[in-house]
Amino acid sequence: MIFLKRIVTGDETWICYETPETKRQSLEWQHTGSPKTKKGKPPLSLKKIMFAVFCDCQGILRVDWMERGTTINVTTYCETLKKLRRSIQNKRRGLLDSGIVFVHDNVRRHTARVTTTLLDSFRCEQFCRPPYNTDLAPSDFHLFSHLKKFLACQQFASDDEINENVQN
Numbered sequence: 001m002i003f004l005k006r007i008v009t010g011d012e013t014w015i016c017y018e019t020p021e022t023k024r025q026s027l028e029w030q031h032t033g034s035p036k037t038k039k040g041k042p043p044l045s046l047k048k049i050m051f052a053v054f055c056d057c058q059g060i061l062r063v064d065w066m067e068r069g070t071t072i073n074v075t076t077y078c079e080t081l082k083k084l085r086r087s088i089q090n091k092r093r094g095l096l097d098s099g100i101v102f103v104h105d106n107v108r109r110h111t112a113r114v115t116t117t118l119l120d121s122f123r124c125e126q127f128c129r130p131p132y133n134t135d136l137a138p139s140d141f142h143l144f145s146h147l148k149k150f151l152a153c154q155q156f157a158s159d160d161e162i163n164e165n166v167q168n
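Structure, rendered in structure tokens:
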């Protein structure tokens with residue numbers, strides 16, 4: 001049980017200003033002989049914002065919103081990790097001393113030498129998921145699926161409006 005309390009996980013996802021309904025939400029009852037309705041592919045939302053979220057077994061540790069037009073690369077990810085470390089110091093006193101087991105997927109920015117060196121300097125054990133793993137990341141399964149259901153079919157006018165809805 002003590003091991004599980006040391007695990008910190010994180011991931012990133014896009015939040016769109018307009019979220020179209022899912023295939024399941026748009027299902028219709030039809031008679032057996034009636035023709036199937038054709039559904040066009042929803043256009044990709046041009047307005048979207050990316051955010052990174054980190055959590056442990058007690059809850060959310062940090063949510064970081066990326067500035068519009070920026071992407072998450074090794075440099076921005078390392079800056080986010082430094083902010084995460086400060087958040088852990090403030091929210092979970094003693095967790096850094098017990099040693100964090102940091103779980104993330106194996107995208108390039110997570111496995112880059114700069115990132116692994118930074119996590120080593122924080123004295124974190126790193127647990128990277130195997131390449132081509134078909135399992136969902138914990139955040140994809142637990143957090144992002146519920147968040148996207150909550151935000152489904154909503155429209156937002158600004159980054160602040162999205163941030164407010166996600167924080168609540």
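With the UniProt record's numbering applied, the sequence shown corresponds to residues 1 to 168, in that order.
Built from N, CA and C at the ideal position, the CB exists for glycine as well.
For R62, the uninterrupted beta strand (DSSP E) run begins and ends at 59-65, by DSSP. In its chain, beyond the 5 residues on either side, V101 have a beta carbon closer than 8 angstroms to the beta carbon of F3. Contact annotation, I15 with V166: C-beta distance approximately 7 angstroms; criterion of less than 8 angstroms satisfied. Distance from the Cα of V63 is smallest, within the candidate group T70, K47, I88, V74, for I88. C-alpha of E125 to C-alpha of R85: approximately 14 angstroms in a straight line.
Straight-line spacing of the CA atoms in V53 and I72 works out to 13 angstroms.
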